[in-house]
Structure formats: structure tokens, C-alpha cells
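Protein chains in written order, with our numbering: chain H, 101 to 357; chain R, 16 to 253; chain P, 4 to 234. This report refers to the structure that appears directly beneath it.
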Amino acid sequence: MTRSPIVLTASNIRKSFGTREVLAGVSLDARAGDVISILGGSGSGKSTFLRCLNLLEVPDSGEIKVGDVQAPLTRDRKGRTVIADHRAAARMRSQTAMVFQGFNLWAHMTVLENVIEAPLRVQKRDRAEVCATAEALLERVGMSAFANAYPQRLSGGQQQRVAIARALATNPKVILFDEPTSALDPERVRDVLALMRSIATEGCTMIVVTHEMAFAREVSTSVIHLANGVIESSGPPAHMFGPDASPAFRAFLSPAS
Amino acid sequence: MTDLSLLGFGADGWGRLLLAGCALTIELSLSSMAIGTVLGGLLAWARLRGPLPVRAFAAGYGIVLRGVPELLVILLLYFGLPSLIVAVWAAMGWSAPGLPPAFLIGSIAIGLVSAAYQAEVFRGGVAAIAVGQLEAARASGMTGLLSFRRILIPQVVRVTLPALGNIWQFNLKDSALVSVIGLAELMRISLVGAGSTRLPFLFFAAAIVLYLAMTTVSDAVFRALDRALDRGRAEVQR
Amino acid sequence: MTEDRFLLTIIGQLLAAAPVTLLILLVSAVLATLLAGVLTACAASGSRVLRLLSAGWTFLFRGTPLILQIFMVYYGLAMLPWIRQGPLWFAFRNPIFCSCLAMTCCCSAYIGEVFRGAMKAVPIGGIEAGRACGMSRFQLLRRVIMPALTRIALPSYSNEVIMMVKSTSLASTVTVMDITGVAQGIISKTYRTLEVFLCAAALYLLLNAVLTAAFGLWARRLHIARRTSAR
Chain H
101 MTRSPIVLTA
111 SNIRKSFGTR
121 EVLAGVSLDA
131 RAGDVISILG
141 GSGSGKSTFL
151 RCLNLLEVPD
161 SGEIKVGDVQ
171 APLTRDRKGR
181 TVIADHRAAA
191 RMRSQTAMVF
201 QGFNLWAHMT
211 VLENVIEAPL
221 RVQKRDRAEV
231 CATAEALLER
241 VGMSAFANAY
251 PQRLSGGQQQ
261 RVAIARALAT
271 NPKVILFDEP
281 TSALDPERVR
291 DVLALMRSIA
301 TEGCTMIVVT
311 HEMAFAREVS
321 TSVIHLANGV
331 IESSGPPAHM
341 FGPDASPAFR
351 AFLSPAS
Chain R
16 MTDLSLLGFG
26 ADGWGRLLLA
36 GCALTIELSL
46 SSMAIGTVLG
56 GLLAWARLRG
66 PLPVRAFAAG
76 YGIVLRGVPE
86 LLVILLLYFG
96 LPSLIVAVWA
106 AMGWSAPGLP
116 PAFLIGSIAI
126 GLVSAAYQAE
136 VFRGGVAAIA
146 VGQLEAARAS
156 GMTGLLSFRR
166 ILIPQVVRVT
176 LPALGNIWQF
186 NLKDSALVSV
196 IGLAELMRIS
206 LVGAGSTRLP
216 FLFFAAAIVL
226 YLAMTTVSDA
236 VFRALDRALD
246 RGRAEVQR
Chain P
4 MTEDRFLLTI
14 IGQLLAAAPV
24 TLLILLVSAV
34 LATLLAGVLT
44 ACAASGSRVL
54 RLLSAGWTFL
64 FRGTPLILQI
74 FMVYYGLAML
84 PWIRQGPLWF
94 AFRNPIFCSC
104 LAMTCCCSAY
114 IGEVFRGAMK
124 AVPIGGIEAG
134 RACGMSRFQL
144 LRRVIMPALT
154 RIALPSYSNE
164 VIMMVKSTSL
174 ASTVTVMDIT
184 GVAQGIISKT
194 YRTLEVFLCA
204 AALYLLLNAV
214 LTAAFGLWAR
224 RLHIARRTSA
234 R
């Protein structure tokens, strides 16, 4: 059986903030259709790692490749790693999409305009096609009634659903989710998680940093436990949530009483 | 190009005169600031608590004196105040008074304008203070005057201090406008010196340096005040 | 009867001077805004020299009175041989030019502060979202940063421009016959201080009202779009 192609590779990512080493060599391969959940305590580096994957943070060392585009990194005169070619970085980013904890919808644009912005102006697709796609996506996430509303009018859960539509609109190779439900109240969490599940079943490649264990267990194809800046353990959910999981991960799942 | 000793303190030197001009500038700014604070406080109170005609007057005052150039206000008082005083004196049957000094006219003019801005600042400051503060004061048995003095004023001062620092800087710079009615503050001295020695660049450059010194010192003073007031608050919160 | 005629004459003379005031205001406002943009860009740049220049400019022009700056440009610069013999001497002899120049430099410092404050308030989340979907830096600037910046800066910017109306009156101190200059002339000839003051003040207040309304319209145009709901 042929395995699906690798859409994103991260090799040996290291990142320090000042003297604090947050990532001490993390690697990951994501194949098309994978749903990878990254779990870990606060300060374990999970958000930092995710943000390195689309170069919102620049790793101190390591390589990242999305599709066939290598992250253009180099060292500046002071030895720090910087982006060598901003246009290439933008091109790399246009093949990924990110859903933020704080939604980050553009406040001066309507819901519809938020969704069409990147496909239209970054990917330079045809306007009619982009609008049709956007409307279909808003329908999909249940927000078509709000197409002409501004984000301030929407609740957190509604904004996050729009953010997911915005992410899907660019046909990304992989969608990065940075704690997408942490800023929502419990009922909204359910709605957004349900949406993420249905996207997963459609074969979307997703890398999700989350605290939602049920999602990690039931929807992921693999689970990564990050601790102290390294991958402590990883594997399919059946293994990770089963009795053979590493003691450290079991301790993480059920905090010591 | 020019003889810098002209700025010095020797026989030909204008240094002493320039510094005297600085002193007068500061005095003028202080008195106009004081007038502005008292009048501005009254106007703010009028807009917050007064009956409708008083509120309307205070609002109108603010619009007019923030919208009309300060130069016009100075001219109004300079040309108009003497005749007004003469008329009032005559109506009272007193003998004709002398002309009011330029310092007084300048202070009142700048003070009237400053009051309009300070009123806005005080209004905003009072509005920013949580209603609960005064309710707690009343609940603990404080009279109106006591809660005004012990609760409202201290908090208003803390909140409005940065804005008042800004207004002080404007007062300082507006004092230069009073030079047009002949008051011997810094701007006027530098003008006179420039005319007398035919070296305007030198004297205006000296004035620029002196004004920068005054605004820099003022800035430092207000920031120190701000820190001093804030220190208490941070400690309480801990 | 003569009273009304007198008032009408005053108003007529003041109105005739209004174009001068407007000219100084518009020229200075436009140029100061552009210059403020440059200053803000310098203040945010990576080059230490540019940052220092921007801070120094702001310090100089916000720390000294505008009247002194006008006098310096009109009288002070005339002293310098390379100005007097330079190609632009005809301009530097013109009091309106000098007033505009001084006002441009002075107000650019204040407007620059408004822009700098607004830049700090632009929500970083929107910028990250823009970067995350692959926007180039230019697209980010044009589609995300500038719209947010404009909306945040507009109230303070309108205040600055309306305060510039008052600053134009300082041109009268260097012989410009703007509204204040004409008013002063009438007062010193007729000593009808209160009437002249009221007419001149009314003109300035009218100008303020028009500007306030115009900015209000602009603000509403930026915001009305944001208030529309889907229903």
C-alpha cells in the first residue's frame, strides 16, 4: 500500500528565547490526510513549534519544508537565524493556513471579505471563482447568514468558524491550529470541535495544538507529547491513550492528586 | 559669523536679559496655569452638576475658547480690556485707572484659553473615576465635601496628570504670544536683541535653546510627579 | 444703520482675508501629514540614525513655540548668506511661504506623534493572520496595517488639523494679512474691539465647524461600513 505523500517536514527545530531553550530539537513529518495533535503542559513549546512551521517564529536551527518549498533561512551578521527571502517565505506560507486562538479576523473587513482576501490577493485567483468558493465555505461552517457582517458583531465561536472558513479558502496543504478552542466557552467549543472533526474526515491535513483530549483521542491519526522542548513520546491515539503509553504522558493526562 | 559673547554676561552681553526673559516666561506660564486650573475646575463642575443654562454656558465657553486663536484672545483683552475697565470705573464714579500691565492681560488671556482645555481634562478625569468609589465614601459616612477632598480630588489628580503636563507645555509655548503686546518675556527679549544687533539667527537660536531647556525640565518634573503618584497606587494593589 | 453697515464692512473685509487663512491651512496640513508619514517611517526603521533624526525633529518642533519658529524662518534665515543669495530667496522673502514652512515642520512633529501612537495600537493578531496566509510585506501594509491605522488615528488627527486652524493666525505676526492680521488692522484703526473680535471669532468657529463636520463624515464612512449587519 503506497503511503500518502509528505506535505510538511520539520527537522530538528531548535528555538531559544534569551537563555531559555524552548525547543531542543523537534522533528515531524506530516502526510496528506494526517491529523496530528500536539499535547503538552504550558511552557512545553507546543505553540512555539507550531508557529515555527509557518515561520511566524524563526527557529534558531533546523529545516522546514512545505510541499516542495524549503524555508529560506540564513544567518545574519550577528549569527541569528533570519528569513533570507521574504517573498519565498510568503510563498511558503500561502501553502499553509493558520487558525489562531484569538481568531484574528480582520476587523475592517466583512466576514465574506475576510474569507476571499487571501485567495484573491495572495493567490491571485479569479474573483468569481473565489467568491463562489467563499460562499460555499461559509455555508459549510454555518455562517452564510453573516457574510456581510463585521467580526465585532460575532461571538467567539462564530468568529472562529469564519476563521476556519478563511483557512480552508486557500486550499492549503496543511492547516495549523493553535489552541483553536482555548478562548471559547464550553458550548462554542463543541461547535468548533465538531467542525474540525468533519474537516478531518474529509481528508484535510491538520496539525493541532490543543488541550481537548477527546479530540486528540478520537480524531487524530497521531498524537505527539511535547515536554521540555523535545518530543517525549508519540504514536497513534490507540497507543498513546492506552495502557502502554509512557509514564510521563500518563502523568500528564491525569494530574497527580 | 557672529560674536557669541553677545549672548554672554559681559558689557555687551544679552545673557542676563535673556535669562530674565526666561524667568518672566515661567512666571507668566505659572500664573496662566493657575488661572486655568481654577477656572477650568469651576467649568468642569458647572458642566457636571450645574443647572441647564450654566451647563450650556460652560459648554459654549469651551467651544469658543478652544476654537478661537489665542492671538485673537490676547488682542481682544489688550485693546478691549482697558476700555472696559475705564467704562466700569467711570460707572462706579472712580477716577480713571492706569492701563493694566501686559503681564496681567497676558496671564488672563492665556488662562482663559487654558481653562477651556483643563475643563475638558477634568471632566474626563472625573468620568474615569468609578462611581463605586464615591458610593463607598458615602456609605462609610463621609460628607460630600469630605469625599470630594479625600476621594475624588486625589484620584482626579492622578488620572489627569499626564494631560495636565501637556497643557502646561502649551501654556509655556503660548506665553511667547504675549510678546506681541510688548511683555518682556523670552520671545520679546530675543526679538528686541535681534533687532538691536541685527543678528536674528543668533538670538532666535538662543531662544530656541532656552525654550527647549524649559520644556525638557518641565517634562522631567511631570514624569517624576507621575512616578511619585503611581508608586503609591502600585503598592496598594499588591 | 451705520452700525449694521459697519458690521457688514468688517465681515466683508475679514471674509476677503479668509482665502489666505485657508491657503496656509491646506498647504501646511497636507505637507505636514506627508512629512509626518516620513517621520513615523523613520521612527520605526531599523537604522539608528533615522530613529535619532526623527526623535530630534520631534523634540525640536514640539519643544519650541510656533511663533518663534516662524520668526526664525522669516527673519532668522534671511540672515544667512547662502539663503539670501540662494535660488529660493524669492520664496524665503515671502511671509506666507515662511509661515507655511514653519507650520509644516511644527505640525509634522505633532501629527507624527499621533501616527506613532496609532501604530502601537494596531492589533497584532490581524497582522499575524496576514502573514500566516502568505501576504507579502507590501500587501500586509496596504490591506491590513493601513486600514487599521487610519481608523485608529482619525480622531486625534482631526483634532490636530483643527488646532492648525488656530496656528494659521500666527502668520499675522510676520505681516501676513490673514483673518487675524486684517482683524488687528481694523481694531487698531477703529478701536471697535468687541465687534471685530466677535466677527473674526465667528469666522474661525465656522471654519472649525466645517472641518469637524468633514472629519465626522469621513469617520462615519469608515465606521458605517463596520456597523452594517447581515440582517
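All C-beta atoms, glycine included, are put in the ideal place defined by N, C-alpha and C. Fair warning: this is a prediction, and the values are worked out from it, not measured in the lab.
Rounded to the nearest angstrom, what separates residue 151 of chain P and residue 124 of chain P at their Cα positions? Looking up residue 151 of chain P in the third sequence gives position 148. Looking up residue 124 of chain P in the third sequence gives position 121. Rounded to the nearest angstrom, the two C-alpha atoms are 9 Å apart.
Quick one: give me the first and last residue of the beta strand (DSSP E) that residue 173 of chain H is part of. Within the first sequence, residue 173 of chain H is the residue found at index 73, counting from 1. Start and end: 173-175.
Helix, strand or coil: which one does DSSP assign to residue 345 of chain H? Position 245 of the first sequence holds residue 345 of chain H. Residue 345 of chain H carries a coil assignment under DSSP once its states are collapsed to helix, strand and coil.
Expressed to the nearest angstrom, what Euclidean distance is found between the alpha-carbon atoms of residue 85 of chain P and residue 75 of chain R? Residue mapping note: residue 85 of chain P aligns to position 82 of the third sequence, counting from 1. Residue mapping note: residue 75 of chain R aligns to position 60 of the second sequence, counting from 1. Rounded to whole angstroms, residue 85 of chain P and residue 75 of chain R show a C-alpha spacing of 50 Å.
Can you list, in chain order, the stretches of the beta strand (DSSP E) that have 3 or more residues and sit fully within the segment 61-109 of chain P? Entirely contained in the segment 61-109 of chain P, not one beta strand (DSSP E) run reaches 3 residues.
State whether the segment 199-207 of chain R contacts the segment 39-54 of chain R, with contact taken as three or more CB pairs (one from each stretch) at a distance under 8 Å. At 8 Å Cβ cutoff, the stretches touch.
Use the C-beta contact count for residue 12 of chain P: other C-beta atoms within 10 angstroms, 16 or more gives buried, fewer gives exposed. As a working note, residue 12 of chain P is residue 9 in the third sequence. It is exposed - the Cβ of residue 12 of chain P has fewer than 16 other Cβ atoms within 10 Å.
Near residue 54 of chain P, what residues of its chain come up, given a Cβ to Cβ distance below 7 Å and the 5 sequence neighbours on each side ignored? Working through the third sequence from its first residue, we reach residue 54 of chain P at position 51. Around residue 54 of chain P, the same chain offers 45, 46 and 48 as residues with beta carbons nearer than 7 Å, after the five sequence neighbours per side are excluded.
Based on the DSSP secondary-structure assignment, which residues constitute the bridge partners of residue 148 of chain H? Here the question's residue 148 of chain H lines up with position 48 in the first sequence. According to DSSP, which records beta bridges pairwise, residue 148 of chain H is partnered with nothing at all.
Between which two residues does the beta strand (DSSP E) harbouring residue 72 of chain R extend? Counted from its first residue, the second sequence places residue 72 of chain R at position 57. No beta strand (DSSP E) holds residue 72 of chain R; the alpha helix (DSSP H) holding it covers 67-82.
Please check the pair residue 351 of chain H and residue 333 of chain H, which I expect to be a contact at CB under 8 Å, by giving their CB distance rounded to whole angstroms. Sequence index remark: in the first sequence, residue 351 of chain H carries index 251 (1-based). Sequence index remark: in the first sequence, residue 333 of chain H carries index 233 (1-based). Wrong, their Cβ atoms sit about 11 Å apart, outside the cutoff.
Taking 8 Å as the cut-off, decide whether the C-beta atoms of residue 329 of chain H and residue 123 of chain H are in contact. Here residue 329 of chain H corresponds to residue number 229 of the first sequence, with the count starting at 1. Here residue 123 of chain H corresponds to residue number 23 of the first sequence, with the count starting at 1. Residue 329 of chain H places its beta carbon less than 8 Å from that of residue 123 of chain H.
Own chain, CB closer than 6 Å to residue 291 of chain H, minus 5 neighbours either side, in chain order: Taking the first residue of the first sequence as position 1, residue 291 of chain H is located at position 191. Cβ within range, chain order: 257.
Quick one: which residues of the segment 119-131 of chain P get their C-beta closer than 9 Å to a C-beta of chain R? List them in chain order. Of all residues in the segment 119-131 of chain P, none has a Cβ within less than 9 Å of some Cβ in chain R.
What residues from chain P crowd round residue 229 of chain H, counting only those whose CB sits closer than 7 Å? Your numbering for residue 229 of chain H matches position 129 in the first sequence. Near residue 229 of chain H there are no residues of chain P at all, since even the closest Cβ is about 17 Å away, more than 7 Å.
I'd like to check one pair, residue 305 of chain H with residue 167 of chain H: are the Cβ atoms closer than 8 Å? If you number the first sequence from 1, residue 167 of chain H lands on position 67. If you number the first sequence from 1, residue 305 of chain H lands on position 205. Judged by their CB atoms, residue 167 of chain H and residue 305 of chain H are not nearer to each other than the 8 Å cut-off.
Do you know whose CA, among R:99, R:29 and R:62, lies nearest residue 197 of chain P's CA? Walking along the third sequence from the start, residue 197 of chain P turns up at place 194. Comparing alpha carbon positions, the residue from R:99, R:29 and R:62 closest to residue 197 of chain P is R:99.
Cutoff 8 Å: residue 49 of chain P Cβ touching any chain H Cβ: On the third sequence, position 46 is the one that residue 49 of chain P refers to. Taking 8 Å as the CB threshold, residue 49 of chain P stays off the interface with chain H.
Should residue 234 of chain P be labelled buried (16 or more other beta-carbon atoms within 10 Å of its own) or exposed? The sequence position of residue 234 of chain P within the third sequence is 231, counting from 1. The predicted position of residue 234 of chain P is uncertain, since its pLDDT is 29 and thus under 50; a value taken from the coordinates is nonetheless stated next. Here residue 234 of chain P is exposed, its C-beta having fewer than 16 other C-beta atoms within 10 Å.
Whose C-alpha, out of H:202, H:316, H:210 and H:220, is nearest the C-alpha of residue 293 of chain H? Residue 293 of chain H sits at position 193 when you count from the first residue of the first sequence. Closest in alpha carbon position to residue 293 of chain H, among H:202, H:316, H:210 and H:220, is H:316.
C-alpha distance - residue 167 of chain R paired with residue 78 of chain R, whole-angstrom precision: On the second sequence, residue 167 of chain R is found 152 positions in, with the first residue counted as 1. On the second sequence, residue 78 of chain R is found 63 positions in, with the first residue counted as 1. Their Cα atoms are separated by approximately 26 Å.
Just the chain H side, please: which residues come within less than 8 Å of residue 52 of chain P by C-beta, in chain order? As a working note, residue 52 of chain P is residue 49 in the third sequence. Those within 8 Å of residue 52 of chain P in chain H number zero; the least Cβ separation is about 18 Å.
Would you list, in chain order, the members of the segment 130-154 of chain P that have their beta-carbon closer than 7 Å to a beta-carbon of chain H? If the cut-off is 7 Å between Cβ atoms, the segment 130-154 of chain P has 131, 132, 134, 135, 136, 137, 138, 139, 140, 142, 146, 147, 150, 151 and 154 near chain H.
Sort out for me which residues DSSP pairs residue 115 of chain P with in a bridge. Start at 1 with the first residue of the third sequence, and residue 115 of chain P comes out as number 112. DSSP lists no bridge partner for residue 115 of chain P.
I'd like to check one pair, residue 47 of chain R with residue 95 of chain R: are the Cβ atoms closer than 8 Å? Indexing the second sequence from 1 puts residue 95 of chain R at position 80. Indexing the second sequence from 1 puts residue 47 of chain R at position 32. Against a cut-off of 8 Å, the Cβ pair of residue 47 of chain R and residue 95 of chain R comes out as no contact.
In three-state DSSP terms, what is residue 192 of chain H? Here residue 192 of chain H is taken as the residue at index 92 of the first sequence, counted from 1. Residue 192 of chain H: helix per DSSP, three-state reduction.
What's the call for residue 106 of chain H, buried or exposed, on a 16-neighbour Cβ count within 10 Å? The residue you call residue 106 of chain H lines up with position 6 of the first sequence. Exposed, because fewer than 16 other Cβ atoms sit within 10 Å of the Cβ of residue 106 of chain H.
Could you tell me which whole alpha helix (DSSP H) segments of length 4 or greater appear in the segment 143-205 of chain P? Within the segment 143-205 of chain P, the complete alpha helix (DSSP H) segments at least 4 residues long are 149-170 and 182-193, listed from N- to C-terminus.
Taking only three categories from DSSP, how would you classify residue 198 of chain H? As a working note, residue 198 of chain H is residue 98 in the first sequence. Correct three-state label for residue 198 of chain H: strand.
Among all the DSSP beta bridges, which residues are the ones paired with residue 335 of chain H? Reading the first sequence from its first residue, position 235 is the one you call residue 335 of chain H. Among the bridge pairs identified by DSSP, residue 335 of chain H is matched with H:323.
Rounded to whole angstroms, what is the Cα-Cα separation between residue 181 of chain H and residue 119 of chain H? Here residue 181 of chain H refers to the residue found at position 81 when the first sequence is read from its first residue. Here residue 119 of chain H refers to the residue found at position 19 when the first sequence is read from its first residue. Each residue's alpha carbon lies about 16 Å from the other.
Measuring CB to CB, does residue 181 of chain P end up less than 8 Å from residue 171 of chain P? By 1-based counting over the third sequence, the position of residue 181 of chain P is 178. By 1-based counting over the third sequence, the position of residue 171 of chain P is 168. It is a contact, given that the beta carbons lie within the stated cut-off.
Just how far apart, CA to CA, sit residue 72 of chain R and residue 124 of chain R? Translated into positions along the second sequence, residue 72 of chain R becomes position 57. Translated into positions along the second sequence, residue 124 of chain R becomes position 109. Cα-Cα distance, rounded: 18 Å.
Which residue marks the beginning of the alpha helix (DSSP H) containing residue 188 of chain R, and which one marks its end? To locate residue 188 of chain R, count along the second sequence from 1; it is residue 173. Element bounds for residue 188 of chain R: 168-189.
Once DSSP output is grouped into helix, strand and coil, what is the label at residue 160 of chain H? Within the first sequence, numbered from 1, the residue matching residue 160 of chain H stands at position 60. In this structure, DSSP gives residue 160 of chain H a state outside helix and strand, which the three-state scheme calls coil.
So with Cβ pairs under 8 Å, would you call residue 70 of chain P a contact of chain R? Here the question's residue 70 of chain P lines up with position 67 in the third sequence. Taking Cβ atoms only, chain R reaches closer than 8 Å to residue 70 of chain P, which makes this a yes.
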